[in-house]
Amino acid sequence: MNFPTRPGVFTASLTPLNPDSSPDLNQLVTHVKWLLGQGSDGVALLGSTGEANSLTMEQRLAIIEHAPKELPPEKLMLGTGSCSIQDAIRLTRASLKAGVFTVLVLPPFYYRPQSEEGAFRYFSQLIDTVSEERLRIIFYNFPQLTGFSFSIELLMRLRERYGAVVAGIKDSSGDWDNMKMLAREMPDFSVYAGTEKFLLDILREGGAGCITATGNLTSPACREVYRAWRSGNAEEAENAQQLLTRQRLTLQQKPFVSGLKALLQHSVPDLRWNNLLPPFVPLSQEEITAFSEEARAAGIQLPVRD
Numbered sequence: 008m009n010f011p012t013r014p015g016v017f018t019a020s021l022t023p024l025n026p027d028s029s030p031d032l033n034q035l036v037t038h039v040k041w042l043l044g045q046g047s048d049g050v051a052l053l054g055s056t057g058e059a060n061s062l063t064m065e066q067r068l069a070i071i072e073h074a075p076k077e078l079p080p081e082k083l084m085l086g087t088g089s090c091s092i093q094d095a096i097r098l099t100r101a102s103l104k105a106g107v108f109t110v111l112v113l114p115p116f117y118y119r120p121q122s123e124e125g126a127f128r129y130f131s132q133l134i135d136t137v138s139e140e141r142l143r144i145i146f147y148n149f150p151q152l153t154g155f156s157f158s159i160e161l162l163m164r165l166r167e168r169y170g171a172v173v174a175g176i177k178d179s180s181g182d183w184d185n186m187k188m189l190a191r192e193m194p195d196f197s198v199y200a201g202t203e204k205f206l207l208d209i210l211r212e213g214g215a216g217c218i219t220a221t222g223n224l225t226s227p228a229c230r231e232v233y234r235a236w237r238s239g240n241a242e243e244a245e246n247a248q249q250l251l252t253r254q255r256l257t258l259q260q261k262p263f264v265s266g267l268k269a270l271l272q273h274s275v276p277d278l279r280w281n282n283l284l285p286p287f288v289p290l291s292q293e294e295i296t297a298f299s300e301e302a303r304a305a306g307i308q309l310p311v312r313d
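Below, the structure is given as C-alpha cells:
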C-alpha cells in the first residue's frame, strides 16, 4: 500500500511545561527521542494531548521551529489547526519552513461549520493560500470536541480538487464502522485510527495505522502489534493486540493529559511532567499511586531514565 504519508504508529505527544507554563523545549525533544526509541514510528506534536489549543501562538511557533532542528522531520507531524484561518495558515507555513510537510488540522471548532460547504471553503483557503504541493494534510476528526464530523463526500471532494495534499485523516470519533468505510473506499488515503484499540483492525482494512495519546506509554506494545502484522504472523498480532487493548483501556480511565503526565512524573520525578495548563487539574497522590499500580498490572513499562 502506497500511502501519501508515513504509515505506522504515531504517538500524540504530551508537552512538558516549565513552572511558568511555557513549553520545555529541551525536555520535549528528549521525550520524542524516547518515544521513537520505544517503538513509535512517528510523533505528532501540538495535538489535543499536547495541550496545543491552550498554548499561545508564539509558544506553538517556538515548538514548530525548535523540534525539527533536533529531531528527524520526516517522523514528525505538527498540529496547525486553529479557529482562525489566518493562524492556521501561519502555523502551516511555519511547519513547512521547518521541513515538516505533514500537518494535523482540526476544523474550526468555535464557529463550527454550518455546512460542509463552510468546511470545504475553510480548508480550500488554507491549501490555496499556503500553496505548497509537498504539503500533506491529515484531517483531525474529533466530533466530540469540535462538533463537526468529516463525511466521506467532503473528503473525496477535497481530494479530487487538491490531490495528494489531502493526505489522510485521524479519526478519533470512536466510530469503527466509519473508519473501516474510509479505509475501504479511499485506499490511496492515509486513515489513522485515533486509538490503538483499533490498530490491528484498521491495518487489516488497509488503513495506515494509528495516532494515539496513550502511545506516550504504550509504544512498545504498539510496536509488537505492527511488527507482527507486517511479518504476516496473524496469531502473534492478535495476541499482541489483546495486550495493547488492555493497556489502552487501563490508561483511558483518567483524563489523558492529567493521567499520562501523572504516571510519567511518578516514574521520573526529576522531570517536570506535573505542570498542566488550565483547565486540566493534577491527580491526587492517592490517585497517582493507584493508577500507577493499575498501569503496571496491565503490563505497561513505566519509564526509568538516567
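In my numbering, the protein residues as written are 8 to 313. Think of the CB as a built atom: it goes at the ideal place given N, C-alpha and C, for glycine as much as any other residue.
Simplified DSSP assignment, three categories, for residue i
i, result
"Y117", "coil"
"V275", "coil"
"A51", "strand"
"R168", "helix"
"T99", "helix"
"S61", "helix"
"D178", "strand"
"V16", "strand"
"A200", "strand"
"I218", "strand"
"G44", "helix"
"M84", "strand"
"F314", "Nothing can be reported for residue 314: it is not among the residues displayed for the chain, which extend from 8 to 313."
"P79", "coil"
"I144", "strand"
"P285", "coil"
"T22", "coil"
"V107", "coil"
"V39", "helix"
"P30", "strand"
Classification of residue i by the beta-carbon crowding that lies within 10 angstroms, buried from 16 upward
i, result
"P30", "buried"
"N9", "exposed"
"L309", "exposed"
"T219", "buried"
"Y118", "exposed"
"V288", "exposed"
"Q151", "exposed"
"V311", "exposed"
"G54", "buried"
"M64", "exposed"
"E124", "exposed"
"G44", "exposed"
"E167", "exposed"
"N33", "exposed"
"D178", "buried"
"A297", "exposed"
"G170", "exposed"
"P286", "exposed"
"F184", "Phe is not the amino acid found at residue 184; the sequence shown has Asp there. Label assigned to D184: exposed."
"E81", "exposed"
"G239", "exposed"
Same chain, Cβ closer than 7 Å to residue i, neighbours up to 5 away in sequence not counted
i, result
"A95", "T87, G88, S89, V112, L133"
"A235", "E243, A244, A247"
"L165", "F127, F130, V173"
"K187", "E212"
"Q66", "S29, P30"
Cutoff 6 Å; reference residue i; Cβ partners in own chain excluding five residues on either side
i, result
"A228", "L250, L251, Q254"
"L68", "A101"
"S61", "L284"
"Q272", "W280, N281"
"T109", "T12, M84, R143"
"V48", "According to the sequence as given, residue 48 is Asp; it is not Val. G15, V16, listed in sequence order."
For residue j and residue i, the rounded distance between their alpha carbons
i, j, result
"E77", "L52", "14 Å"
"N148", "P14", "18 Å"
"I145", "S291", "36 Å"
"S299", "L42", "19 Å"
"L270", "A304", "14 Å"
"L98", "L210", "31 Å"
"K268", "A302", "13 Å"
"A241", "G213", "15 Å"
"E192", "L21", "32 Å"
"V39", "A174", "23 Å"
"T136", "I307", "44 Å"
"N25", "P262", "21 Å"
"S180", "D277", "36 Å"
"D208", "E231", "14 Å"
Beta-carbon proximity list for residue i, same chain, < 8 Å, skipping 5 on both sides
i, result
"P3", "Nothing about residue 3 can be read from this structure; the chain reaches only from 8 to 313."
"S28", "N282, L284"
Residue-chain proximity (residue i, chain C), Cβ-Cβ < 8 Å
i, result
"D208", "In the structure shown, chain C does not exist; there is a single protein chain."
Item to check | the stretch 196 to 211 / the stretch 255 to 268 touching (three or more Cβ pairs under 8 Å) | outcome: A contact between stretches requires three or more CB pairs, one per stretch, nearer than 8 Å, and the stretch 196 to 211 meets this requirement with the stretch 255 to 268.
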